[in-house]
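Residue numbers (this note's numbering), protein chains in the order written: chain A, 20 to 531; chain B, 1384 to 1753.
Glycine included, every Cβ here is placed at the ideal spot set by N, Cα and C.
Bear in mind the structure is a predicted one, so any value in this text is a computation, not a measurement.
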Amino acid sequence: MLARISTFAIDGLDSVPVTVETDIRPGLPAFSVVGLADRSVREARERVRSAIGNQGFAFPARRITVNLAPAWLKKVGPGFDLAMAAALLAASGQVEADDLARWAIFGELSLSGQLRGCRGALAVAEGARRAGLRGLILPRDRALEAALVDEIEVAGIEDLRELAEVIGGAGAPALPRAAPGPRVAEADAPPPDLADVRGHAGPLRALEIAAAGGHNLLFEGPPGTGKTMLARRLPSILPPLTRPEALEVTRIHSVAGVHHGGGLVRHRPFRAPHHTISPSGLAGGGSIPAPGEVTLAHRGVLFLDELSEFPRSSLEALRQPLEDGRVGVVRGQHAVVFPSRFMLVAATNPCPCGFAGSDRAGRPCRCTDAEVERHRRRLSGPLLDRIDLLVGVQRPAPEELAGGPLSSSAEARERVVEARARQAHRLDGSEATCNADMDTATLRNRLGMSASARDALMDAYSSGHLSARGHHRALRVARTIADLHGAEGVERAHVLETLSLRQHGPAEVLAA
Amino acid sequence: MSGTAATIDRACAACLRRAWLLGALVAHFERCSPRRSDLSGLLALPDGDLIRALGGRDVPVLRDRYRGFSPSTLRSTLAAFALHVVCRHDPAYPPQLAEAPDRPAALFVAGAWERFAALVAAPSVALVGARRASGYGLEAGRVLGRELAAAGVTVVSGMALGVDSAAHAGALDGGGATVAVLAGSAHRPYPSSKRRLHRAIVGAGCVVSELPPGAAVRKWSFPARNRIIAGLAQATVVVEASVTSGSLITADCARALGRDIGAVPGQVTSPLASGPNDLLFDGALVVRSAADVLDLLFGAGVRPAVRQRDGSELRPTLRTLLRLVESGRPTLGAIVAGGSDAGSALVGLAELELLGYVRRGPAGSYVRVP
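Take a look at the structure:
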């Protein structure tokens, strides 16, 4: 007897429909899986056999063939277990099989027949809707996530017996309560707030400007001055995720297995990979293409601490994602494109020993200017070209520590959202959504620069404070500052503030 | 390199041959690793004795090549590299250099000839110091270089990393009166990372060397170069130097020539200060500012240093900011803690930077440009 069930394979960030066909016929007892299944899928045989037995069903002692179609698609992972078990139960007549065609079934089994969590529930639910199916059966702790897709019925189940009930027409069990458990609450905690910060007026101002214009940012300062602490607070002042954005982020995190399991991701992601990460870990890769850190940071912040310690190959791998907002991964016959619209925040020591410019007594910098220059040269090139703001971070002075916080995240976010609204209005009709993405033509036509501002910029350029490339980046930053001030045109003060937020190293000064 | 510009050639064949010989003996000098005192003696030897002293097995070959040396080949090479040359028999040879027995036979000059002549004729001071200098040393070298050059004094140094380069850069700021003495050929930047500085000095001052193009740079070339620095300058000022620093060799040479020695005092706890502080202990002139050096050269108060801009000409808001930076609040955070908001402080600081009152130090600090 033959049973046919719809399920889905994860390919990149999308799901591809797969049909599980199970045929049971007389013959020597055997259980074979065909259809380009990898090791983990073939191992499903053992899980399915035990799960069926342990849930009080009978495993048919006949010749069983499972086919995963389409046969050209390579199938990976344990997500086919549940569909295979369901097809087996249906084919052997142990459950009522009338209504099978309306469901997609997806999930991993344990030997006891309980269901385990799975990756990519949201992608599978979207696939089910696209395929015109009416419902999706999947593990209970992923039900909230799948239920984000309207128009399909989601049945979150605990074990195989419940599966039999749902297929048998008992209807979907109620969704789990929306209130998240403690594990989810911790993973979904809001980002830390600016109100915790004392001092750091310059870096805070830079964070606000960066958030308002979508500018990438580099912090330079001695160890222990708070570079990481500041970077972690950037998501708290970025505009809240819109629903489409949140869905996108949830789907990515779910597929990558970093999703917290509590439905929609509500906060912008903050990813801080260590500098020993491989280029493919950063940009995405693997023999089955998996999203890298740039994709996990999509719509959020990618923080690279100790930027100069990252191998050149890793930094090179950042170029395309930074430039295009997406990254292509090609492996063998397979090409996948992952989105990667993130804000880059990087931190670096000012010199190899880390203490150049430090005011701490007893910690003089012992680097030669050649060493400092070499250190800086490691950073220069394609990556620095994409970084608009370069800001020094210093240990706060005692009087700063004594003062109150300069701003709370809520206040700062309000200003950021206003500035973004102004940009959206001005950039209406162009592809860019914020000042950092403005192309050169838009930059020329819609800047609204006053004559005195232009003079200040030319002064800085001719006195060597700005490079030709820096000139363009400075224009974008100045526009953002004007937006934060609610100004129609870019004024001289906006340009001057921009100049202060582009750090010049001692090496450049000496080489003048 | 264009060979079209007419280069000045004021060297006799014998001196050119001597310069060529030094270039040919670069490796031999290195092999016998002369101690400091020997080097001066070796360099004072006539050609034949020098070949005998250093040549070893190569003496016959060297003699042959010496006899076959063709000045015209070297002259055309010089023209190709746009190098001028002057030998010690020529009236244009710097007279202050001619006193020592180990004086260079010829000087190769990159940069405009008239400028070279004017720069070596003007009062001159050598500013030397550590390669691995601290921020303090770099600042001191830079400021002294600028104020001395602005006062019409030629700043002589070796274009090494650290203090030397800072002194040259300062002098270029102060009008360009600076002479770099290189350990290799004058047309080739050494260290190569100082290409931009080299180009700037060739354009506004001049670069000299006693070695012809093609001579390699070896360890001994640096003490040999230091004797030229000391010889060209009326006084030598050491900015920052550990006890093993080559800058102290320059000071030794200056002392041997009977020239004045000055030193910039440093923190007694810093190893980089031990060189100048030892010199001070031994009676060197205390150099606190360019004015001290100018008093030494011209007599007290005869030629005042160019006064720094003290900020009184600025708008009140900018003046307040400048005073905050001067009073040891060099970061934006500290300035804002004094009561202004970050945005306007950043605007003011950018203005001060464009006007040249402050510059950016490492990690977001501001440094008053004296």
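Kindly list, in the order they appear in chain B, the residues whose Cβ is closer than 7 Å to that of residue i.
i, result
"T387 (chain A)", "R1514, R1515, L1544 and G1545"
"P415 (chain A)", "G1716"
"E419 (chain A)", "G1716, A1717 and A1720"
"P383 (chain A)", "S1517"
"H234 (chain A)", "Under the 7 Å cutoff, chain B gives no residues; its nearest Cβ is about 15 Å from H234 (chain A)."
"G422 (chain A)", "A1720"
For residue i, which of the options has the nearest alpha-carbon?
i, options, result
"P45 (chain A)", "A:T84, A:R397 and A:A375", "A:T84"
"L1768 (chain B)", "B:D1556, B:G1535, B:R1601 and B:A1554", "Any question about residue 1768 (chain B) goes unanswered here, given that chain B covers just 1384 to 1753."
"E1530 (chain B)", "B:D1547, B:G1545, B:G1518 and B:A1554", "B:A1554"
"D404 (chain A)", "A:R463, A:E181 and A:L485", "A:L485"
"A142 (chain A)", "A:I43, A:L266 and A:R82", "A:L266"
"P383 (chain A)", "B:A1407, B:L1422, B:D1473 and B:G1520", "B:G1520"
"L119 (chain A)", "A:G139, A:E184, A:F289 and A:N73", "A:E184"
"S34 (chain A)", "A:H490, A:A147 and A:Q133", "A:A147"
"L77 (chain A)", "A:H504, A:L55, A:S111 and A:P242", "At residue 77 (chain A) the sequence reads Ala, which differs from the Leu that was named. Of the listed residues, the one whose Cα sits closest to A77 (chain A) is A:S111."
"R138 (chain A)", "A:R270, A:I186 and A:M468", "A:R270"
"G1512 (chain B)", "B:G1649, B:L1715 and B:G1431", "B:G1649"
"G1524 (chain B)", "B:L1662, B:F1499 and B:R1671", "B:R1671"
"E419 (chain A)", "B:V1730, B:V1752, B:L1737 and B:V1719", "B:V1719"
"S469 (chain A)", "A:A150, A:A421, A:V509 and A:A375", "A:V509"
"A501 (chain A)", "A:G467, A:A487, A:R331 and A:R521", "A:G467"
"Q564 (chain A)", "A:H491, A:R498, A:V412 and A:R64", "The question about residue 564 (chain A) has no answer, for chain A in this structure spans 20 to 531."
Name the chain A residues that come within less than 8 Å of residue i, Cβ to Cβ?
i, result
"V1433 (chain B)", "Per the sequence shown, residue 1433 (chain B) should be read as Leu rather than Val. Chain A residues near L1433 (chain B): none, gap ~34 Å exceeds 8 Å."
"L1426 (chain B)", "Going along chain A, no residue has its Cβ under 8 Å from L1426 (chain B), so there is no contact; the nearest lies around 29 Å."
"V1590 (chain B)", "Correct list: empty, because the minimum Cβ distance to chain A is about 17 Å."
"L1729 (chain B)", "G221, R224, L515, E516, S519 and L520"
"S1576 (chain B)", "A389 and E392"
Check this for me: beta carbons of residue i and residue j, under 8 Å apart or not?
i, j, result
"I156 (chain A)", "L107 (chain A)", "no"
"V364 (chain A)", "V355 (chain A)", "no"
"Q171 (chain A)", "A431 (chain A)", "Inspection of the sequence shows that residue 171 (chain A) is occupied by Ile rather than by Gln. No; because the gap between Cβ atoms is not below 8 Å, this pair is not in contact."
"L101 (chain A)", "L128 (chain A)", "yes"
"L301 (chain A)", "P292 (chain A)", "yes"
"G1747 (chain B)", "G240 (chain A)", "yes"
"P340 (chain A)", "S359 (chain A)", "yes"
"L237 (chain A)", "L408 (chain A)", "yes"
"A1407 (chain B)", "C1470 (chain B)", "no"
"G280 (chain A)", "A1725 (chain B)", "no"
"V1539 (chain B)", "S1507 (chain B)", "yes"
"R434 (chain A)", "E177 (chain A)", "no"
"V1536 (chain B)", "L1668 (chain B)", "no"
"A1489 (chain B)", "V1503 (chain B)", "no"
"L494 (chain A)", "L462 (chain A)", "yes"
"I1611 (chain B)", "P1487 (chain B)", "yes"
"G1528 (chain B)", "G1557 (chain B)", "yes"
"L32 (chain A)", "S69 (chain A)", "no"
Which chain A residues sit within Cβ distance under 7 Å of residue i?
i, result
"E1734 (chain B)", "L515"
"V1719 (chain B)", "A220"
"G1726 (chain B)", "R224 and E516"
"V1508 (chain B)", "Under the 7 Å cutoff, chain A gives no residues; its nearest Cβ is about 20 Å from V1508 (chain B)."
Would you mind telling me which residues of chain A sit closer than 9 Å to residue i, beta carbon to beta carbon, in chain order?
i, result
"G1803 (chain B)", "Only positions 1384 to 1753 of chain B appear in this structure, which leaves residue 1803 (chain B) out of reach."
Determine the chain B residues that contact residue i at a beta-carbon separation under 8 Å, and present them in chain order.
i, result
"D478 (chain A)", "L1737"
"V412 (chain A)", "A1746 and G1747"
Residues of chain B with CB closer than 9 Å to the CB of residue i, please, in chain order.
i, result
"E532 (chain A)", "Residue 532 (chain A) lies beyond the stretch modelled for chain A, which goes from 20 to 531, so this question has no answer here."
Beta strand (DSSP E) runs wholly inside the stretch 1587 to 1674 of chain B, at least 3 long, in chain order: Within the stretch 1587 to 1674 of chain B, the runs of beta strand (DSSP E) at least 3 residues long that lie entirely inside it are, in chain order, 1589 to 1592, 1618 to 1621 and 1643 to 1646.
Can you list, in chain order, the stretches of the alpha helix (DSSP H) that have 4 or more residues and sit fully within the stretch 1521 to 1564 of chain B? Here the runs fully enclosed are 1546 to 1556.
Would the stretch 1710 to 1718 of chain B count as touching the stretch 1570 to 1579 of chain B if we require 3 or more Cβ pairs under 8 Å? no
Just list the beta strand (DSSP E) runs in the stretch 1460 to 1513 of chain B, keeping only unbroken ones of 3 residues or longer that don't cross its boundaries, in chain order. List check, beta strand (DSSP E) in window: 1466 to 1470, 1489 to 1493 and 1507 to 1511.
Count the CB pairs spanning the stretch 1695 to 1708 of chain B and the stretch 448 to 463 of chain A that are closer than 8 Å, and state whether there are at least three. no
Please specify which runs of the beta strand (DSSP E), each continuous and at least 3 residues long, are wholly inside the stretch 302 to 337 of chain A, giving them in chain order. 320 to 323
Sequence ranges, beta strand (DSSP E) only - wholly within the stretch 206 to 291 of chain A, length at least 3: 236 to 239
Quick check on the DSSP output: what are the complete alpha helix (DSSP H) runs of length 4 or more inside the stretch 83 to 141 of chain A, in order along the chain? 100 to 110
Taking three-plus beta-carbon pairs below 8 Å as touching, is the stretch 365 to 373 of chain A in contact with the stretch 426 to 443 of chain A? no
Taking only runs of the beta strand (DSSP E) that begin and end inside the stretch 1695 to 1745 of chain B, which ones reach a length of at least 3 residues, in chain order? 1741 to 1743
When you compare the stretch 247 to 256 of chain A with the stretch 1728 to 1742 of chain B, are there three or more beta-carbon pairs, one atom per stretch, that lie closer than 8 Å? no
Is the stretch 153 to 168 of chain A in contact with the stretch 47 to 58 of chain A, if contact means three or more CB pairs nearer than 8 Å? no
Continuous alpha helix (DSSP H) assignments of at least 4 residues falling wholly in the stretch 1411 to 1452 of chain B: Those alpha helix (DSSP H) runs which fall completely within the stretch 1411 to 1452 of chain B and span 4+ residues are 1419 to 1427, 1430 to 1438 and 1442 to 1450.
So within the stretch 148 to 175 of chain A, which uninterrupted alpha helix (DSSP H) runs reach at least 4 residues, ignoring any that extend past its ends? 162 to 165
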